[in-house]
Ligand code: ADP
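In my numbering, the protein residues as written are 70 to 299.
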């Protein structure tokens, strides 16, 4: 089953910049898609469109339902968007409250919320971090807690924007290991080509808002870059 289908999706920022332009692709359930491309290629903008955060043109279908203004809130429950910068995602005083925020908003009972938080913390290997002050955490710990804030809502599709950026080699390997163990559909936007090769089934090369190529993860990515003179 296709969980995401994009047809001719475009978005113009208010300053007139065409950040994504005629994007067409689909992704099957449980597939991992890597999005690569230079800075400014449109990777983050595409994520914002998939979450219905920006008023894109064209058609996006999530889990067989066309994304519209009126169903954005509902369809967004299928998507867990992990931002590049965890400080943009974490805003509550404690780790527990940050991870509980999503499930509380979904209307879960206190016991259900507690269960979701504990499970998410176990999944990121930080079970004893419940009462830690979020802004006292290391950057690597913040990245993992940011991931837990979406895992606690069990989204069908995980969107990871530059998951390994600014992590030291140890924290990076740990985070990649975490991502590899998460089940479900994943889209990973990154400059970290080795991680993309290691984790993804398919690779999309984006440049100046357009898809230059989508390929199975069999090709040498460097070859792909040089083919388009990037
Ligand atoms: P990437 O994630 O691949 O680096 P982005 O989606 O962040 O690319 O950006 C795509 C293009 O849109 C870039 O040229 C960027 O400068 C521009 N852009 C991003 N955000 C805004 C904004 N809020 N207003 C105007 N232009 C923007």
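Note that CB positions come from ideal geometry on N, CA and C, so glycine has one too. Just so it is clear, the structure is predicted and the values come from calculations on it, not from any experiment.
query, result
"With distance defined between alpha-carbon atoms, name the residue in 184, 222, 76 and 284 nearest to residue 175.", "222"
"Per DSSP, residue 304 forms a beta bridge with which residues?", "With the chain represented from 70 up to 299, any question about residue 304 goes unanswered, as that position is not in the structure."
"Applying the criterion that 16 or more other CB atoms from any shown protein chain within 10 Å of the CB defines a buried residue, is residue 80 buried or exposed?", "buried"
"Taking Cβ to Cβ, would you say residue 69 is nearer than 8 Å to residue 195?", "What is shown of the chain runs 70 to 299, which leaves residue 69 out entirely."
"For residue 233, does the three-state DSSP call read helix, strand or coil?", "coil"
"Closer than 6 Å is what we want: which residues have a beta carbon that near any heavy atom of the ligand ADP? List them in chain order.", "82, 84, 86, 88, 106, 108, 109, 110, 111, 112, 113 and 114"
"Run through the DSSP bridge pairs and tell me what residue 151 is partnered with.", "229"
"Can you tell which of 277, 282, 121 and 295 has its C-alpha closest to the C-alpha of residue 110?", "277"
"Let me know the secondary structure DSSP gives residue 84 once reduced to three states.", "coil"
"Once you ignore the five residues that flank residue 185 on each side, which residues in its own chain have a CB closer than 6 Å to its CB?", "172 and 221"
"Could you check how far apart the C-beta atoms of residue 170 and residue 161 are, in whole angstroms? I think they sit under 8 Å.", "6 Å"
"Between the stretch 225-241 and the stretch 139-155, do at least 3 Cβ pairs fall closer than 8 Å?", "yes"
"Considering only DSSP beta bridges, list what residue 135 is partnered with.", "130"
"For residue 282, name the three-state secondary structure that DSSP assigns.", "strand"
"Just verifying my parser: in three-state terms, what is the DSSP assignment at residue 103?", "strand"
"List the DSSP bridge partners of residue 272.", "103 and 284"
"What does DSSP give as the partner residue(s) for residue 254 in the beta ladder?", "226"
"Taking only the alpha-carbon atoms, compute the straight-line gap between residue 84 and residue 124 and give it to the nearest angstrom.", "14 Å"
"So, is the C-beta of residue 263 closer than 8 Å to a C-beta in chain C?", "Of the chains in the structure shown, none is chain C; there is only one protein chain."
"Which value, in whole angstroms, describes the spacing of the CA atoms of residue 187 and residue 235?", "27 Å"
"Can you find at least 3 beta carbon pairs, one from the stretch 250-270 and one from the stretch 280-287, that sit closer than 8 Å?", "yes"
"In this structure, what does DSSP give as the bridge partners for residue 163?", "202"
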